[in-house]
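Protein sequences appear in the order of chains R and B. Note that my numbering gives residue 138 to position 138 of the first sequence, counting from 1, and the numbers run on in steps of one. My numbering runs 1000 ahead of the 1-based position in the second sequence. Notes to accompany the following structure.
Protein chains: 2
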Amino acid sequence: MPVVKTSREEAVAAIAREFRAFGYDGASLSRLSGASGLGKSSLYHYFPNGKEDMAKAAADHVGAAVLELVITPLAGEGAPAARVKKAAAGLSKFYEGGKANCLVNLFSIGDAPEAAPGVAKTMAAALQNAFQAVAQNAGANAGDARQRAEQAIVEIEGALVVSRAQGSTRPFQRMLARLPGIIAAGE
Amino acid sequence: MPVVKTSREEAVAAIAREFRAFGYDGASLSRLSGASGLGKSSLYHYFPNGKEDMAKAAADHVGAAVLELVITPLAGEGAPAARVKKAAAGLSKFYEGGKANCLVNLFSIGDAPEAAPGVAKTMAAALQNAFQAVAQNAGANAGDARQRAEQAIVEIEGALVVSRAQGSTRPFQRMLARLPGIIAAGE
DNA sequence: GTCTATACGAAGATAGAC
DNA sequence: GTCTATCTTCGTATAGAC
């Protein structure tokens, strides 16, 4: 049976955009209501535990996108360098070229209540594992590969912060260009 | 005449700690009042424009620390690699080994009203310039040095995000170890 | 499921006594 | 300068009609 995009799914997508744009505290119920097109009471109908449930749903939604756009390409077929390039393209799409933020960062700030940040951190760990596997395919030993993967995550998060601060996507784009060298160095 | 630590200066230090720990939105007046030991009315006596003034004062306070602990050592005497190592030590102290946050990141999220984020971004730019100068001293041309400096800032911001997310200062410490290689590579 | 209305608290900010 | 008291606004959340 085909997966129909329910009204809830569309609402979740809109809600996730708000959280990524304004953070947990900044994404007020008014904003979430306006962005999703659902009244406050409708929001509580779909998310009985209120904002916490919305954040959790947003994190799950965003995590699925990371899986599809970045982790799957990394785990796919082809040469390590080619897979990293596909992942870089996926990252660019996922982060809208550097304009969108990362929930790992946003949900670490303010009152975000446990579950949502947990999902985000789990996805980040999965991404790091995927990077590590590619680095090992490229010839690095396990420990070295793990450090390369960590550096990749660090540079992704940092480039997003710097790009946002500078109001330019250039730092993010330059980081994407560095990625193959970080993961598959000397292959 | 000796610079006496006025009550205001101590209050600013406490306020800055709160902003760095909870972000702009999260550092409520109640919290700022409690941390500084000043009642709300006293806060408004020292900071007539309220929270906005407090954030600006906090940013100035923190900026002075960056100047002293990181930028000055970078601009000092000695071999480039040695200066970067001093800066790394300064960064470790400034960020409490990776446990403290960066206002450039925090003030980019939420309702922080212009002036304070501006100060933070200006300090980040000054830091990048200092890194660039050292990289040029180490033999890099201007463009290459600028990119190395940008990467350093990116890795600093990213390592802080990752360390916070993982609840470990290890990623930050490993980044510090990479710093000399980033700035003074192949010297 | 969605609406209107509303409860409740916290936040930022101000007034005026001392 | 600091205090108590107060004001307003906003945010989260709920009740109950439709």
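Yeah, the Cβ is synthetic: ideal placement off N, Cα and C, and Gly gets one too. Bear in mind that the values here come from a model prediction, so they are computed numbers and not experimental data.
Item: Within chain B, the residues that R/Lys121 reaches when beta carbons sit closer than 7 angstroms; Value: Ala1165
Item: Cβ pair R/Ala130, R/Ala59 closer than 8 angstroms; Value: no
Item: Three-state secondary structure (DSSP) of B/Lys942; Value: Because chain B spans 1001 through 1187 in this model, residue 942 of chain B falls outside it and cannot be assessed.
Item: B/Ser1007 burial status per 10 Å Cβ neighbour count (16 or more: buried); Value: exposed
Item: Pair within 8 angstroms by beta-carbon distance, R/Ile156 and R/Leu91; Value: yes
Item: Cβ distance (whole Å) where B/Val1134 is taken to contact B/Val1066 below 8 angstroms; Value: Contact doesn't hold; Cβ gap of about 15 angstroms is too wide.
Item: Separation of B/Ala1064 from B/Ala1120, as counted between CA atoms; Value: 11 angstroms
Item: Three-way DSSP call (helix, strand, coil) for R/Leu176 in this model; Value: helix
Item: Contact set between R/Gly26 and chain B, taken where Cβ atoms lie within less than 8 angstroms; Value: Asp1025, Ile1109, Gly1110 and Asp1111
Item: Residues of the stretch 141-161 of chain R whose Cβ lies closer than 9 angstroms to any Cβ of chain B, in chain order; Value: Gln147, Glu150, Gln151, Ile153, Val154, Glu155, Ile156, Glu157, Gly158, Ala159, Leu160 and Val161
Item: Cβ of B/Arg1031 within 8 angstroms of any chain R Cβ; Value: no
Item: Minimum Cβ-Cβ distance from R/Asn105 to chain B less than 8 angstroms; Value: yes
Item: 7 angstroms Cβ shell around B/Ser1108 - same chain, five flanking residues per side excluded; Value: Pro1117
Item: CB contact below 8 angstroms: B/Ala1185 versus chain R; Value: no
Item: Classification of B/Asn1049 by the beta-carbon crowding that lies within 10 angstroms, buried from 16 upward; Value: exposed
Item: Candidates R/Asn105, R/Ser33 and R/Gly158, of which the one nearest R/Met123 by Cα; Value: R/Asn105
Item: Minimum Cβ-Cβ distance from R/Phe88 to chain B less than 8 angstroms; Value: Before going on, a small fix: residue 88 of chain R reads as Ala here, not Phe. Closer than 8 angstroms: no.
Item: Beta-carbon proximity check, B/Val1062 vs B/Leu1127, cutoff 8 angstroms; Value: no
Item: Cβ neighbours of B/Lys1040 in the same chain (closer than 7 angstroms, five flanking residues each side left out); Value: Leu1029 and Ser1033
Item: 8 angstroms Cβ cutoff, B/Met1054 in contact with chain R; Value: no
Item: Per-residue burial, B/Lys1093 [other beta carbons within 10 Å of its own, 16 or more giving buried]; Value: exposed
Item: Classification of R/Ser36 by the beta-carbon crowding that lies within 10 angstroms, buried from 16 upward; Value: buried
Item: Residue-level contact to chain B via CB, R/Pro171, 8 angstroms cutoff; Value: yes
Item: 8 angstroms Cβ cutoff, B/Arg1174 in contact with chain R; Value: yes
Item: R/Val154 and B/Pro1171 closer than 8 angstroms at C-beta; Value: yes
Item: Short Cβ contact (8 angstroms threshold) for R/Gly158 with R/Gly23; Value: no
Item: Proximal residues to B/Met1175 (C-beta, below 7 angstroms), its chain only, five neighbours per side dropped; Value: Glu1155, Ile1156 and Ala1159
Item: Neighbour flag for B/Arg1124 against chain R, beta carbons, 8 angstroms; Value: Note that residue 1124 of chain B is Ala in the sequence shown, not Arg. Answer yes: the Cβ-Cβ gap between B/Ala1124 and chain R drops below 8 angstroms somewhere.
Item: Nearest-angstrom Cβ-Cβ length linking R/Gln151 and R/Ala142, presumed shorter than 8 angstroms; Value: So it is not a contact: roughly 15 angstroms between Cβ atoms.
Item: Proximity of B/Ala1011 and B/Tyr1044 at Cβ, strictly below 8 angstroms; Value: no
Item: CA-to-CA distance, R/Asn101 to R/Arg20, given in whole angstroms; Value: 6 angstroms
Item: Under the three-state DSSP convention, the category B/Asn1049 falls into; Value: coil
Item: R/Ala184 vs R/Ala138 beta-carbon contact at 8 angstroms; Value: yes
Item: Cβ-based neighbour list, B/Ala1057, same chain, cut-off 6 angstroms, excluding 5 preceding and 5 following; Value: Val1012
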